[in-house]
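A.B. asks: The structure under discussion is supplied below as structure tokens; questions concerning it will follow.
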């Protein structure tokens, strides 16, 4: 556990520092804010790939969705804890760099950061203070399969990050941006929304229950936890759909014009 925590504490900040340094050297025309933002996106994408790989490994290794075990289900959570802490700091650093010319007090910058990123900060806090204890202690020796499923929710992150980097590079009207938008919506839908019905279905198959009967045959706190997890995903997915609709309307208007 301690070795895994230490590895994460070195890996994510180290990758962030290395990537921002490389961006400053390769893109001298970029501001510090640009380099920090892209560096943050890169680290998030790397973490997402690692988490998805760990999740798929766990899922494929657990034929019994309730009782089968895999060491990654516990170890990767310890590796993830430093990332969550680092990511909050990296987001704050980007906010500070973006607003430092305004000569704002640090307390004001921190308050603005919490307001603008309240959903993401809350998301990270829930993972750290709720999901980590549940996944490491409270669930006992059961449910590694479902922990693996949760890890795969990160699959959409690289596409979300690439989309924001392309906007930063003013590449919104390229084919790459449009293809990436389709991949973003698809992976988000399958890995962050439909993931939850899939987990209910998998449990139902194991217990011989229909999908509709599963919520009434599992503990209430499991349903509550899933509701808490899917709520921000539905909100973010609605934002992605609105953004995609605006892009489609703009392209259609240009074509008609």
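In this note's numbering, the protein residues as written are 1 to 257. No residue lacks a Cβ here, since even glycine has one placed at the ideal position from N, Cα and C.
Report the residue ranges of all alpha helix (DSSP H) runs contained in full by the segment 18–73; include only those spanning at least 4 residues, in chain order.
C.D. replies: Whole alpha helix (DSSP H) segments, 4+ residues: 32–61.
A.B. asks: Does residue 27 get closer than 8 Å to chain C when you measure Cβ to Cβ?
C.D. replies: In the displayed structure, chain C is absent; only one protein chain is listed.
A.B. asks: Residue 112 lies in the alpha helix (DSSP H); which residues open and close that run?
C.D. replies: Unbroken alpha helix (DSSP H) run through residue 112: 106–116.
A.B. asks: Is there contact between the segment 190–202 and the segment 220–232, where contact requires at least three CB pairs shorter than 8 Å?
C.D. replies: Contact holds: three or more Cβ-Cβ distances are below 8 Å.
A.B. asks: Return the chain-ordered list of same chain residues with a C-beta closer than 7 Å to the C-beta of residue 49, the five sequence neighbours on each side being excluded.
C.D. replies: Excluding sequence neighbours, residue 49 sits near 158.
A.B. asks: Residue 232 and residue 119: beta carbons closer than 8 Å?
C.D. replies: Contact flag set, yes.
A.B. asks: Out of 45, 155, 24, 216, state which residue places its alpha-carbon closest to the alpha-carbon of residue 12.
C.D. replies: Comparing Cα positions, the closest option is 45.
A.B. asks: With distance defined between alpha-carbon atoms, name the residue in 42, 88, 154 nearest to residue 15.
C.D. replies: For the residues 42, 88, 154, the minimum Cα distance to residue 15 belongs to 42.
A.B. asks: Taking residue 185 as the reference, give the member of 151, 243, 217, 168 with the closest Cα.
C.D. replies: Closest by alpha carbon: 243.
A.B. asks: Contact between the segment 52–67 and the segment 136–151 is defined here as three or more beta-carbon pairs at a separation below 8 Å; is this criterion met?
C.D. replies: Verdict: yes, contact present.
A.B. asks: Compare the C-alpha of residue 156 against each of 180, 7, 87 and name the closest.
C.D. replies: When each option's Cα is compared against that of residue 156, the closest is 180.
A.B. asks: Below 8 Å between beta carbons: does that hold for residue 39 and residue 7?
C.D. replies: Cβ atoms of residue 39 and residue 7: not closer than 8 Å.
A.B. asks: Consult DSSP for residue 210 and reduce its assignment to one of helix, strand or coil.
C.D. replies: Here residue 210 sits in coil by DSSP.
A.B. asks: In chain order, what are the residue ranges of uninterrupted alpha helix (DSSP H) at least 4 long that sit wholly in the segment 147–220?
C.D. replies: Those alpha helix (DSSP H) runs which fall completely within the segment 147–220 and span 4+ residues are 157–168, 175–188, 195–207.
A.B. asks: Is the beta carbon of residue 71 closer than 8 Å to that of residue 5?
C.D. replies: Against a cut-off of 8 Å, the Cβ pair of residue 71 and residue 5 comes out as no contact.
A.B. asks: How would you call residue 219, buried or exposed, if buried means at least 16 neighbouring beta carbons within 10 angstroms?
C.D. replies: With fewer than 16 Cβ atoms within 10 Å of its Cβ, residue 219 is classed as exposed.
A.B. asks: CB-CB under 8 Å to residue 95, same chain, minus the five flanking residues each way: which ones, in chain order?
C.D. replies: Hits under 8 Å: 109, 112, 113, 116, 117.
A.B. asks: Give me the Cα-Cα distance between residue 34 and residue 168, rounded to the nearest whole angstrom.
C.D. replies: Residue 34 and residue 168: Cα-Cα distance of roughly 8 Å.
A.B. asks: Rounded to the nearest angstrom, what separates residue 147 and residue 25 at their Cα positions?
C.D. replies: Roughly 40 Å separates the two Cα atoms.
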